[in-house]
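Enquirer: Sharing a structure here in structure tokens format.
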Amino acid sequence: MESSSSNSVSPGEKSPHRLAEIVGTAIAVLTLIVPLLAIAHYSSNDVQLEQPLSYSLQRTDN
Numbered sequence: 002m003e004s005s006s007s008n009s010v011s012p013g014e015k016s017p018h019r020l021a022e023i024v025g026t027a028i029a030v031l032t033l034i035v036p037l038l039a040i041a042h043y044s045s046n047d048v049q050l051e052q053p054l055s056y057s058l059q060r061t062d063n
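Following this line, the structure appears as structure tokens:
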């Protein structure tokens, strides 16, 4: 018997779902990059860090 299937792809041909793979990869990359760009864009460059208060310890001799 011959097994001829019109949907089979030979190893040398491109997959019919290649466009879907490219679009999926683009969506995945954008999902990772866009939040980082948004955080970088909206974060303030003028952040002033407050120095913690330092307390001097007094020594008591017993």
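Be aware that the sequence shown starts at 2, since it is given in our numbering, and climbs by one per residue.
Even glycine gets a Cβ: it sits at the ideal position worked out from N, Cα and C.
Bear in mind that the values here come from a model prediction, so they are computed numbers and not experimental data.
To the nearest angstrom, report how far apart Ile40 and Ile28 are at their CA atoms.
Expert: So the two alpha carbons sit approximately 19 angstroms from each other.
Enquirer: Where Ser16 and Ile23 are concerned, what is the direct C-alpha to C-alpha distance, given to the nearest angstrom?
Expert: Between the alpha carbons of Ser16 and Ile23 lies a gap of roughly 12 angstroms.
Enquirer: In the DSSP assignment, find the unbroken alpha helix (DSSP H) run with Leu20 in it and report its ends.
Expert: Following the DSSP letters along the chain, one finds Leu20 inside the alpha helix (DSSP H) bounded by residues 19-43.
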